[in-house]
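Colleague:
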Amino acid sequence: MSEHPDPRDPADEPASEPADEPTGRPADDPGGERADGASGEEGGEPAGRPGGGSPEEGAGGPGGGRGPAVPQDPLAQLFSQLTGGVPGGVPRGFPAGFGSDLSGSGGGPGGAGGAAGFGALGGLGGLGGLGDLGALGGPGGIDPAQLFQQLSSDPAALQQVLASVQRLLSSSGEGPVNWDLARDLARQTAVAGGDPSPGEAARREVTEALRLADLWLDAVTDLPSGAAGDEAWSRSEWVEATLPTWRRLAEPVAVAVADAVAAAMADQAPEEMRAFIAGAGAVMRSVGGAVFGMQLGQAVGGLAREVVSATDVGLPLTDGSVLALVPASTAAFAEGLEVPLAEVRLFLAAREAAHARLFAHVPWLRAHLLGAVEAYARGITIDTGRIEEAVRSVDPTDPQALQSALSSGLFDLQRTPAQQAALDRLETALALVEGWVDELVDAAVRRQLPQAGALREAVRRRRAAGGPAEHVLASLVGLELRPRRLRDAARLWAVLEQGRGAAGRDAVWAHPDLLPTAADLDDPEGFARRRTDAEASSADVDAALERLLEEDGGPGEQR
1 MSEHPDPRDP ADEPASEPAD EPTGRPADDP GGERADGASG EEGGEPAGRP
51 GGGSPEEGAG GPGGGRGPAV PQDPLAQLFS QLTGGVPGGV PRGFPAGFGS
101 DLSGSGGGPG GAGGAAGFGA LGGLGGLGGL GDLGALGGPG GIDPAQLFQQ
151 LSSDPAALQQ VLASVQRLLS SSGEGPVNWD LARDLARQTA VAGGDPSPGE
201 AARREVTEAL RLADLWLDAV TDLPSGAAGD EAWSRSEWVE ATLPTWRRLA
251 EPVAVAVADA VAAAMADQAP EEMRAFIAGA GAVMRSVGGA VFGMQLGQAV
301 GGLAREVVSA TDVGLPLTDG SVLALVPAST AAFAEGLEVP LAEVRLFLAA
351 REAAHARLFA HVPWLRAHLL GAVEAYARGI TIDTGRIEEA VRSVDPTDPQ
401 ALQSALSSGL FDLQRTPAQQ AALDRLETAL ALVEGWVDEL VDAAVRRQLP
451 QAGALREAVR RRRAAGGPAE HVLASLVGLE LRPRRLRDAA RLWAVLEQGR
501 GAAGRDAVWA HPDLLPTAAD LDDPEGFARR RTDAEASSAD VDAALERLLE
551 EDGGPGEQR
């Protein structure tokens, strides 16, 4: 499996913002667009950061150590409320003494927070109510002393923290991933740096571009328009529209990880600890679901900042009922191309309309692509030996240690030969989709747009390289969505069109058994000959059958 950047790369995370600018938003507001549609810093802020505080103030530094002495009872009560225990007592599902060291003397790698208690939640910062109080997978945690000083004088901020962390631990949805958390963080990441709602002028430009591009496609394919409507989306709207499909694709991976963790910890635990581990299993799964949800949310949100349309990644991530462009990302893509923005918009609109035609009028294609991804994910195996080795050093009573394991790349996915074969089939299908769109759009716009060739090459390079968010998704789900053989596939479709016409080219989509294989991409001329020979043979069989029926006096005549 290829190496990918760490999902916690700071370059992919929402940037920290000044501490003295409280948003005033409720804790459950994901920090998306302002109600009036304006852009700016407010549009990109993570929501609900109570009381401000810079990252240096909110998390234990590498030097760590015990924080200033603070009253213990309020923090004990706070921790108990967060984890569902009795105020001043032990949280449910934890052994006696758990959470007693709330002052930060646990001596974890970052100093404050230690191995137990509220400090263990410090690595789960970035939530709506936690703001800059910690960093995902960071070496430190929340300094309870600092936290208490910040929150004790602000009841509203305290309630936001309580609500956020209770949601974290409860994993409100059924299933292995905290999808509420994933959605919130995806939106926060998507709007980082600004996410203006498209105004009336932008919507009009998108509508005109999509409709004109759709007309151009009529001249180069018999597949009818797939547009039931056209829209201009903000990046956070792209998140909302595509998240249900990401859920469908990612949950099998999360299930595999959760099952492997539970089995490994149960097998490695000493006899006297097994009852506790069984009782705390729900907490472990909640933390694991939260961490996976946060990583996936960051990845989807990062992807939302890169994509230019609903179908930009090559998969049918929406129901296909509308064509959609993301004006902010379209403008960002146009920067540095030395091509007028209107021309860039038309080219990207043609690609969106071509994808829509294919997904709308090849009824088996959506299920074929998504089913291949799901089958690949369901077959994932995890190196349990590596997990067992790491679990020996993980304190089962320490949520932060478990979280660090989940976030450290411990669960690298192992590909079996069957998995690799499934991946090869999926990559070929993605290349065929992208190659068909590439060839169709070139035929449609080459006489309409002066810079069509330059735009085609720019899109090809962009799709081949992928962005940071695509690499993060690859590390989480084990899949790369880049069509590695786009150029080979485009050449195959061009050969088919030259020899058989547009109708003969598009007839290959009639059934999945007719699709070219990876070997066919190496020999497009040979594939075209074989298709012609197969059709000729089929025609000969039909003619022979017709002659036989005529010689017998016709199908309805008695002998």
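Counting in my numbering, the sequence shown runs from 1 upward without gaps.
All C-beta atoms, glycine included, are put in the ideal place defined by N, C-alpha and C.
#1: Candidates Val313, Ser234, Thr517: which alpha carbon is nearest Trp560's?
#2: Assuming contact is defined by CB atoms lying nearer than 9 Å, are Thr416 and Leu515 in contact in what I supplied?
#3: For Leu549, does the count of other Cβ atoms within 10 angstroms reach 16, so buried, or fall short, so exposed?
#4: If you run the structure through DSSP and keep just helix, strand and coil, what is Asp218?
#5: Excluding five sequence neighbours on each side, which residues of the same chain lie with their C-beta closer than 6 Å to the C-beta of Phe292?
#6: So for Leu337, helix, strand or coil by DSSP?
#7: Tell me whether Pro196 is buried or exposed, calling it buried when 16 or more other Cβ atoms sit within 10 Å of its Cβ.
#8: Which residues does DSSP list as the beta-bridge partners of Ala324?
#9: Taking 8 Å as the threshold, find out whether the segment 345-352 comes into contact with the segment 323-333 through three or more Cβ pairs.
#10: If you drop the 5 nearest sequence neighbours on each side, which residues of the same chain put their C-beta closer than 6 Å to that of Ala310?
#11: Glu306 lies in the alpha helix (DSSP H); which residues open and close that run?
#12: So Gln498 is in the alpha helix (DSSP H); what residue range does that whole segment cover?
#13: Specify whether the segment 227-237 and the segment 185-201 touch according to this definition: at least 3 beta carbon pairs, one from each stretch, less than 8 Å apart.
#14: Got a sec, what are the start and stop residues for the alpha helix (DSSP H) Asp180 sits in?
#15: Is the beta carbon of Thr221 sitting closer than 9 Å to the one on Arg357?
#16: Could you check what DSSP says for Val362 in three-state terms: helix, strand or coil?
#17: Could you check whether the segment 489-501 touches the segment 429-443, counting it as contact only if at least three pairs of C-beta atoms, one from each stretch, sit closer than 8 Å?
#18: Helix or strand or just coil, what does DSSP make of Arg446?
#19: Measuring only the C-alpha atoms, how far is Gly288 from Ala258?
#20: May I have the straight-line CA-CA distance separating Ala350 from Thr532, to the nearest angstrom?
#21: Quick check on the DSSP output: the alpha helix (DSSP H) that includes Val564 runs from which residue to which?
#22: Short check: CB of Leu432 to CB of Leu337, under 9 Å?
#23: On a CA-only basis, which of Leu315, Gly226, Ala421, Asp184 is nearest Ala290? Give me that one, please.
#24: Do Ala213 and Ala444 have their beta-carbon atoms positioned less than 9 Å apart in this structure?
#25: Does the distance from the CB of Ala353 to the CB of Leu217 come in under 9 Å?
#26: For the alpha helix (DSSP H) that Asp319 lies in, which residues bound it at each end?
#27: With a 10 Å radius around its C-beta and 16 neighbouring C-beta atoms as the bar for buried, classify Pro18 as buried or exposed.
#28: So the alpha helix (DSSP H) Asp520 belongs to, where does it begin and stop?
#29: If we count the other Cβ atoms within 10 Å of its Cβ and call it buried at 16 or more, is Gly435 buried or exposed?
#30: Compare the beta carbon distance of Leu361 and Pro224 with 9 Å and say whether it is the shorter of the two.
#31: Take the Cβ of Glu546 as the centre, count every other Cβ of all protein chains shown within 10 Å, and call the residue buried at 16 or more, exposed below.
#32: Could you give the distance in angstroms between the alpha-carbon of Gly129 and the alpha-carbon of Ala299?
#33: What's the gap between the Cα of Pro316 and the Cα of Leu370?
Modeller: On the basis of the data shown:
#1: A query on residue 560 cannot be resolved here, the shown segment of the chain reaching from 1 to 559 and no further.
#2: no
#3: exposed
#4: helix
#5: Val177, Ala254
#6: coil
#7: buried
#8: Glu231
#9: yes
#10: Thr318, Ala324
#11: Here Glu306 belongs to no alpha helix (DSSP H), and DSSP marks it neither H nor E.
#12: 486-506
#13: yes
#14: 179-191
#15: yes
#16: coil
#17: yes
#18: coil
#19: 7 Å
#20: 30 Å
#21: In the structure as shown, the chain begins at 1 and stops at 559. Residue 564 is therefore absent and cannot be evaluated.
#22: no
#23: Asp184
#24: yes
#25: yes
#26: Premise fails: Asp319 is in no alpha helix (DSSP H) and is neither H nor E.
#27: The pLDDT assigned to Pro18 is 42, lower than 50, so where the model puts this residue is not dependable; a value taken from the coordinates is nonetheless given after this. The residue is exposed, with fewer than 16 neighbouring Cβ atoms inside 10 Å.
#28: 518-522
#29: buried
#30: The amino acid occupying residue 361 in the given sequence is His; Leu does not appear at that position. Their beta carbons are under 9 Å apart, which means His361 touches Pro224 by this criterion.
#31: exposed
#32: In this prediction, Gly129 has a pLDDT of 34, which is less than 50 and means its spatial position is unreliable; what the coordinates show is noted afterwards. Cα to Cα, Gly129 sits roughly 20 Å from Ala299.
#33: 8 Å
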